[in-house]
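See below for the structure under consideration.
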Amino acid sequence: MIGVKDLTFSYGKDKQALHGLSFSVEDGEIFGFLGPNGSGKSTTQKILTGILDGYGGMVSLFGKEVKEARTRDFFQKIGVLFEFPYLYANLSALDNLRYFSSFYPREQLRDAEELLDELEFKRDFLRKPVSSYSKGMRQRVSMARALISNPKLLFLDEPTSGLDPAGAVLFRRIIENERKKGTTVFLTTHNMQDADLLCDRVAFMAGGNIAALDTPGNLKAQNSGRRIVIEYLDQGRRKEKTVTASKLKQSIPFACDELISIHSQEPTLEDIFIQYTGRGLSS
Amino acid sequence: MKKSLYTLFKKDCRMMASGKFFFVALGSLLIYTLFIHFGYLKFMDMDIYNVYLYDPAGTQAQASLLVHPTASLEEMDAMLEKDANGVGIDAGDGRPDVVLYAGSEKVDRHRADYALSLLYSGSSYTPETVGGNTPEMKKRKEITCELLFIEIVAVGFLGIASVLFKEKQMGVIRIHAVMPLHRSLFIFSKVFLFLLTDLVFAVLLTVLNVGAAGMGSFLPAVLVQTAILSLAMALTGFGCAMVLRDFKQFSLAYLVIAFFATAPVFLTANTPVKMAWARYYPFYQVYMGLKNAFFGTAVTSPVYFVRAACVIILLFGIVFAAFSREMGREG
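So the sequence lines, in the order shown, correspond to chains X and W.
Going by this note's numbering, the first sequence opens with residue 194, and the numbers climb by one from there.
Going by this note's numbering, the second sequence opens with residue 17, and the numbers climb by one from there.
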């Protein structure tokens with residue numbers, strides 16, 4: 194679906210943003226693009242969505258070089274959710290969706306009200322101006338805008354930003370449903386939980402380079418110390434011991450009266466990100 | 017494409033309506049009309065021009081009683097300095113030479129002609145016909161032309177920028193970068209809407225202040241000049257809104273642009289101040305094109321229209337580049 198080879202981009206003579214990125218995204222995959230601010234995530238997404246040109250290397254979408262593919266047909270196949278909920282504040286949710294959807298062929302469109310229902314948008318606000326909405330409601334309308342054209346390729350930039358935990362769970366479920374339908378998702382985020390729960394593969398961006406690219410599971414496994422923490426009772430006293438996974442193969446390698454809990458000590462994606470890039474995601 | 021353009025146009029109409037732009041335009045129309053009817057015409061309804069004659073040998077025997085004789089050229093000059101609208105006639109060598117207040121020599125020939133006609137009072141002298149307008153109609157056309165020029169240069173220019181800054185603030189311009197529509201349609205829709213508004217404004221202002229009678233003879237030419245000015249100003253406003261970060265920056269640029277667009281034009285056209293370079297100044301050319309159109313002597317030179325078309329195409333290119341750059345900016 195997406196093929197990127199030796200992608201470079203510069204905002205000026207001395208401001209190189211991307212230093213030769215190479216990656217590919219398969220059909221129906223959820224691909225996570227993780228990195229701190231200024232790492233080149235947004236620039237990459239803008240190049241992929243055809244907003245920026247003047248890049249070096251090769252970028253192909255739907256089997257065509259982006260430079261040549263920016264046609265009406267190309268934009269009909271992609272849906273983009275921006276980092277901020279950009280909407281016409283003087284129009285209602287329905288009017289915004291009607292306006293943006295009117296640029297697509299009618300047979301391609303989903304029903305705006307059904308979509309908003311799916312996103313648990315409060316019906317009372319359907320016809321009220323966006324200026325009266327909370328950030329979560331605006332984010333729901335923006336998501337509806339990105340989905341209304343049934344895109345084959347969905348670019349999501351911080352989709353759960355501004356949502357409460359229940360909203361974030363709902364959005365993850367919707368993204369999962371999109372994948373089940375066969376939609377390819379390019380997810381740009383700071384949110385480790387989103388990346389961990391949703392992505393088939395993640396790429397860690399740092400300073401315009403990809404520092405690591407693999408499945409979240411592989412990244413965690415490769416960087417795990419395979420340690421297990423065991424809590425137990427010994428002669429009425431609560432104790433804790435850390436052992437390697439191999440020592441648990443036969444039995445508990447020490448005497449205890451009762452086991453309380455066993456926890457594997459896997460690093461989080463953020464731990465691994467710091468390990469690869471030397472920087473936290475929020476920096 | 018037609019459907020996309022229609023959708024954009026409808027949305028722009030809603031944006032302008034919600035920004036009270038139509039209300040402001042209607043308000044301007046009302047204020048201008050009230051000013052012309054109850055202010056300007058009365059204010060400008062001055063006495064007939066005074067004519068001063070220096071004729072030491074008494075050669076102008078048929079001079080009307082309306083002519084004020086002066087004893088010397090110095091006295092006549094002093095009178096003209098005090099009465100800048102007056103006309104002096106120097107008949108010191110027996111041949112009447114018209115003397116006007118410095119700077120107004122080329123303003124209007126009919127004052128000179130009127131003065132000379134007073135020298136032949138009661139004779140068969142027929143003054144040259146300068147134009148078919150009554151003094152009141154002349155005044156109406158002059159002020160309507162000036163207000164229309166101001167409205168397009170200042171108000172329309174501000175209007176398109178305010179709508180765009182709103183869209184910039186809401187971030188929605190970026191969404192259009194990933195929509196299946198050609199970017200130029202976004203620009204075209206807005207510019208077309210402002211053009212249409214300016215044309216309607218021009219028609220209404222003319223009907224209300226010049227009158228509908230005989231309008232057919234000059235209105236088409238007025239609308240052509242209005243369209244040239246409106247397109248140029250709408251594109252300039254669009255470009256400024258794309259290049260400048262916020263409305264505060266735009267306000268400063270607006271003052272500078274509005275001042276430089278209008279000040280040399282009005283100084284050259286309406287005051288004794290003469291700027292030799294003004295005839296090369298594009299705004300002056302369009303203003304004179306508009307004024308000539310009101311007075312039935314519309315510009316017909318193809319060079320003028322080719323130049324105007326080139327400027328509009330160039331502005332469109334610049335605006336398109338600035339618009340594309342804005343789409344790629346960070347949120």
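Every residue gets a Cβ at the ideal spot worked out from N, C-alpha and C, and that includes glycine.
Computed from a predicted structure; not experimentally measured.
query                                                                                                                                                                                   : result
If you count every other CB in all the chains shown that lies within 10 Å of the CB of W:ASP28, and 16 or more means buried, which is it?                                               : buried
Against X:LEU157, what residues of chain W qualify as contacts under a CB-to-CB distance less than 8 Å, listed in chain order?                                                          : The displayed coordinates of chain X run from 194 to 476. Any statement about residue 157 of chain X would go beyond what the structure contains.
Report the residue ranges of all beta strand (DSSP E) runs contained in full by the stretch 293-373 of chain X; include only those spanning at least 3 residues, in chain order.        : 346-350
Is there at least one Cβ from chain W nearer than 8 Å to X:GLN415's Cβ?                                                                                                                 : no
With a threshold of 8 Å between beta-carbons, can W:ALA193 be considered close to chain X, or not?                                                                                      : yes
Note down, in chain order, each residue of its chain lying with its Cβ closer than 7 Å to the Cβ of W:PHE217, except the 5 sequence neighbours on either side.                          : ALA41, LEU45 and GLU167
At the 8 Å Cβ level, is W:SER200 part of the contact set with chain X, yes or no?                                                                                                       : no
Which chain X residues sit within Cβ distance under 9 Å of W:ALA187?                                                                                                                    : According to the sequence as given, residue 187 of chain W is Gly; it is not Ala. Those are PHE275, PHE277, PRO278, TYR279 and LEU280, listed as they occur along chain X.
In whole angstroms, give me the CA-to-CA distance for W:TYR65 and W:ARG127.                                                                                                             : 7 Å
Just reading off the alpha helix (DSSP H) that W:ARG199 is part of, what are its end residues?                                                                                          : 199-225
By Cβ distance, which residues of its chain are closer than 7 Å to X:GLU371, with the 5 residues on each side in sequence left out?                                                     : LEU347 and VAL378
So, is X:ALA414 buried or exposed, given that buried needs 16 or more other C-beta atoms within 10 angstroms?                                                                           : exposed
Can you tell me whether DSSP reads X:ASN402 as helix, strand or coil?                                                                                                                   : strand
Determine whether the Cβ of W:ARG261 lies closer than 8 Å to any Cβ atom of chain X.                                                                                                    : no
Helix, strand or coil for W:GLY175? Go by DSSP, reduced to three states.                                                                                                                : helix
Taking the continuous beta strand (DSSP E) assigned at X:PHE479, which residues delimit it?                                                                                             : Any property of residue 479 of chain X remains undetermined from this structure, which presents chain X solely from 194 to 476.
At what residues does the alpha helix (DSSP H) containing X:TYR425 begin and finish?                                                                                                    : Counting along the chain, X:TYR425 falls outside any alpha helix (DSSP H), though it belongs to the beta strand (DSSP E) covering 420-427.
Taking contact to mean 3 or more Cβ pairs, one atom from each stretch, closer than 8 Å, check whether the stretch 286-293 of chain X and the stretch 305-316 of chain X are in contact. : yes
Buried or exposed for W:MET343, please, with buried defined as at least 16 other CB atoms from any protein chain shown within 10 angstroms of its CB.                                   : buried
Can you check which of these residues, X:ASP266, X:GLY196, X:GLN238 and X:SER235, is closest to W:HIS198 by C-alpha distance?                                                           : X:ASP266
Whole angstroms is fine: what's the gap from X:CYS392's alpha carbon to X:THR236's?                                                                                                     : 20 Å
Can you find a C-beta in chain X that's less than 8 Å from the C-beta of W:THR23?                                                                                                       : yes
Which residue from X:ASP357, X:ASN343, X:PRO344 and X:LYS345 puts its Cα closest to that of X:ARG333?                                                                                   : X:ASP357
Does the distance from the C-beta atom of X:ALA396 to that of X:LEU406 stay below 8 Å?                                                                                                  : yes
For W:VAL238 and W:GLU97, what's the separation of their Cα atoms in angstroms?                                                                                                         : 36 Å
Buried or exposed: where does W:PHE348 fall if 16 or more other Cβ atoms within 10 Å of its Cβ makes it buried?                                                                         : Any property of residue 348 of chain W remains undetermined from this structure, which presents chain W solely from 17 to 347.
Between X:TYR297 and chain W, is any beta-carbon pair separated by less than 8 Å?                                                                                                       : yes
For chain X, check one thing: does any of its Cβ atoms lie closer than 8 Å to the Cβ of W:LEU209?                                                                                       : no
Looking at C-alpha atoms only, which residue of W:GLY43, W:THR23, W:MET249 and W:ALA285 is the closest neighbour of W:TYR270?                                                           : W:MET249
Report buried or exposed for W:ILE176, applying the criterion of at least 16 other Cβ atoms within 10 angstroms of its Cβ.                                                              : buried
By Cβ distance below 8 Å, which residues in the same chain neighbour W:GLU183 in space, the five residues on each side in sequence not counted?                                         : MET31 and ILE189
In the DSSP assignment, what are the bridge partners of W:ILE105?                                                                                                                       : W:LEU69 and W:VAL114
Would a check of beta-carbon distances place X:ARG265 closer than 8 Å to chain C?                                                                                                       : The chain labelled as chain C is not found among the protein chains of the depicted structure, namely X and W.
Cutting at 7 Å between CB atoms, please list the residues of its own chain near X:ILE244, excluding the five before and the five after it.                                              : none
Just the chain X side, please: which residues come within less than 8 Å of W:SER34 by C-beta, in chain order?                                                                           : ASN283
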